[in-house]
Each structure stands twice: as C-alpha cells, then as structure tokens.
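A short worksheet on the structure shown next.
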Ligand SMILES: [Zn+2]
Ligand SMILES: [Zn+2]
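In our numbering, the protein residues as written are 43 to 307.
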C-alpha cells in the first residue's frame with residue numbers, strides 16, 4: 043500500500059489516485075454535461091437575446107469579449123478531455139475507441155474508465171487539468187452555484203409564441219424572473235411541478251443524483267446505492283448495461299419526506 047500521488051496523505055491500493063482525489067475528478071467530469079449546455083448558451087447569447095421579442099437589450103450590447111472568453115475556455119476543456127481520452131486509450135485500449143466526440147461524450151467515457159484514470163502514472167496531472175479546466179468554464183458562464191433550473195420559461199408572448207428561455211431561480215428567493223421576457227414565476231410552485239413531473243422517471247443512481255441536483259436537491263449517488271442495499275428503495279428494473287434503475291419519486295420521498303408529500307398533494 044502506498045500514498046496518493048497528489049500527496050494528499052491518503053493511502054492507495056492498486057492505484058495512483060485515492061478515493062477522495064478521484065471523487066474530485068468524478069465531480070468535475072459529472073458537471074460537464076450541464077456545463078457544456080451552459081457554455082453553448084453563453085457563447086451564443088447574442089443570437090438567443092436577439093430572438094426574444096420583449097428583450098430590451100439591443101444585440102450589440104452583449105460584450106463580445108465575454109463570448110470569446112467562453113469559447114476559449116470551452117476549447118481548453120475540450121483539449122484536456124481529448125488529451126486524456128487519447129492518452130488512456132493508447133495506454134490501455136483495445137481495437138476500437140467507443141467515445142462520442144463531444145464534451146459530454148468524452149467526460150462520460152472517462153467516467154466509464156475510473157481504473158485507467160486512477161492507475162495512470164500522471165493521475166495527479168489528470169486531476170489538476172480536469173478540475174482547473176472545469177472551474178475556468180464555470181467562472182465564465184452565467185450561473186451561480188445556488189441557482190436552480192426551473193425548466194423552459196414557457197410564458198405566452200405578445201406575438202403569440204411562447205418564451206423558450208431557460209428559467210433559473212435561487213434557493214433563497216421565492217420569485218424567479220425570466221431574463222428574456224421578464225415574466226415572474228413562483229419558485230416553490232415551479233419546483234413542485236418539476237418534481238411531480240420527474241417523480242415517475244427512472245434512472246440509474248448517477249443520473250438520478252444529477253437530475254436531483256439540477257432540481258436543487260443534493261443526494262449523492264452513493265447514498266442512493268446504499269439505500270438500495272439496505273432495501274429502503276427498490277430498483278424498478280435494470281438497463282441494457284445491467285445497472286439498477288430507480289424511481290425518482292422513491293428517492294425523493296426517502297431523502298425529503300416532507301417535500302415528497304407536498305409534491306404528491
Ligand atoms: Zn488523494
Ligand atoms: Zn420568458
């Protein structure tokens with residue numbers, strides 16, 4: 043048994059990177075799916091803003107440098123992910139590389155190969171590079187960490203169309219204002235509605251944890267798996283790769299008994 047390559051002080055067995063340090067890589071990689079979408083929104087803000095019929099902001103008021111920065115950081119993240127997928131594949135891979143050529147695809151691929159990531163002799167660089175690249179992207183997008191996604195705005199607009207802007211609320215506020223059309227929405231009502239809609243969905247522990255995080259509920263995937271082992275929740279079925287799928291509503295009810303009842307009412 044040796045020590046973690048990052049000198050964090052944790053012991054490791056059959057790996058360079060300890061559980062805690064790998065957890066940081068995992069968290070960074072798992073944020074890539076929403077991050078990729080947010081980056082795209084940030085980079086293309088000008089065209090999205092121009093479409094909003096009630097938007098008071100003229101197109102050319104969006105600072106162009108902001109978009110360039112977002113694009114650059116997106117490219118940097120891409121370079122890091124491409125580099126590590128290639129590096130690990132050349133080291134351990136067999137004949138065909140099964141990796142989608144997108145930020146999400148590459149992050150998902152790395153997450154499917156935790157042993158390769160953790161055993162690579164430069165695993166500390168993998169940790170630094172992935173974490174830094176993701177953090178730099180988070181800094182450039184317009185999304186505070188306490189923001190909660192509230193689905194598409196969907197307000198009726200004067201010209202007969204509906205607003206397609208993404209609506210975000212804050213944990214500590216009751217009202218969310220759409221940044222495109224200015225419509226004000228009641229946050230608890232919308233959250234309740236989203237939770238109720240999601241309650242019947244089925245997902246594996248990792249995706250379910252992500253889904254709940256997007257709704258503003260923190261439930262680690264490891265907790266979901268522990269509950270399953272303790273038979274507090276039951277898998278509804280297994281997916282094509284043999285992973286257990288759970289009902290969102292079952293997990294929510296166990297994690298937040300009161301919330302569950304509210305959304306069922
Ligand atoms: Zn460590
Ligand atoms: Zn709107």
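Glycine is no exception: its CB is placed at the ideal position from the N, C-alpha and C atoms.
Span of the beta strand (DSSP E), counted from its first residue to its last, around residue i
{"i": "residue 283", "result": "Premise fails: residue 283 is in no beta strand (DSSP E) and is neither H nor E."}
{"i": "residue 208", "result": "208-212"}
{"i": "residue 218", "result": "217-219"}
Per-residue burial, residue i [other beta carbons within 10 Å of its own, 16 or more giving buried]
{"i": "residue 216", "result": "exposed"}
{"i": "residue 139", "result": "exposed"}
{"i": "residue 292", "result": "buried"}
{"i": "residue 94", "result": "Because the pLDDT at residue 94 is just 38, under 50, the model does not fix this residue reliably, and the value given afterwards should be weighed accordingly. The residue is buried, with at least 16 neighbouring Cβ atoms inside 10 Å."}
{"i": "residue 226", "result": "exposed"}
{"i": "residue 203", "result": "exposed"}
{"i": "residue 154", "result": "exposed"}
{"i": "residue 282", "result": "exposed"}
{"i": "residue 164", "result": "exposed"}
{"i": "residue 48", "result": "buried"}
{"i": "residue 229", "result": "buried"}
{"i": "residue 231", "result": "exposed"}
{"i": "residue 162", "result": "buried"}
{"i": "residue 136", "result": "exposed"}
{"i": "residue 134", "result": "exposed"}
Own chain residues within Cβ distance below 8 Å of residue i, not counting five before or after
{"i": "residue 277", "result": "270, 286, 287 and 288"}
{"i": "residue 244", "result": "278, 279, 287, 288, 289 and 290"}
{"i": "residue 72", "result": "149, 153, 248 and 252"}
{"i": "residue 156", "result": "64 and 68"}
{"i": "residue 127", "result": "139, 141, 148, 151 and 152"}
{"i": "residue 239", "result": "none"}
Local conformation of residue i per DSSP, three classes
{"i": "residue 262", "result": "coil"}
{"i": "residue 45", "result": "strand"}
{"i": "residue 287", "result": "strand"}
{"i": "residue 226", "result": "strand"}
{"i": "residue 244", "result": "strand"}
{"i": "residue 123", "result": "helix"}
{"i": "residue 84", "result": "helix"}
{"i": "residue 75", "result": "helix"}
{"i": "residue 139", "result": "coil"}
{"i": "residue 201", "result": "coil"}
{"i": "residue 152", "result": "helix"}
{"i": "residue 293", "result": "helix"}
{"i": "residue 196", "result": "coil"}
{"i": "residue 54", "result": "strand"}
{"i": "residue 278", "result": "coil"}
Same chain only: Cβ atoms within 6 Å of residue i, ignoring 5 sequence neighbours per side
{"i": "residue 115", "result": "178, 179 and 182"}
{"i": "residue 175", "result": "118, 119 and 122"}
{"i": "residue 56", "result": "none"}
Same chain, Cβ closer than 7 Å to residue i, neighbours up to 5 away in sequence not counted
{"i": "residue 145", "result": "74, 78, 119, 120 and 123"}
{"i": "residue 298", "result": "259"}
{"i": "residue 46", "result": "52, 54, 59, 60 and 63"}
{"i": "residue 171", "result": "122"}
{"i": "residue 113", "result": "85"}
{"i": "residue 262", "result": "251"}
{"i": "residue 197", "result": "204, 205, 220, 223 and 225"}
{"i": "residue 160", "result": "57, 58, 59 and 64"}
{"i": "residue 81", "result": "112, 116, 179 and 183"}
{"i": "residue 131", "result": "139"}
Ligand 4 heavy atom lying under 7 Å from the CB of residue i
{"i": "residue 291", "result": "As for ligand 4, it is missing from this structure, which binds only ligand 1 and ligand 2."}
Unbroken alpha helix (DSSP H) run spanning residue i, endpoints
{"i": "residue 172", "result": "165-182"}
Taking 5 Å as the limit, tell me which residues put their C-beta closer than that to any heavy atom of ligand 1, in chain order. 46, 48, 50, 52, 60 and 63
Residues surrounding ligand 2 [beta-carbon distance to nearest heavy atom under 6 Å]: 195, 197, 205, 207, 220, 222, 223 and 225
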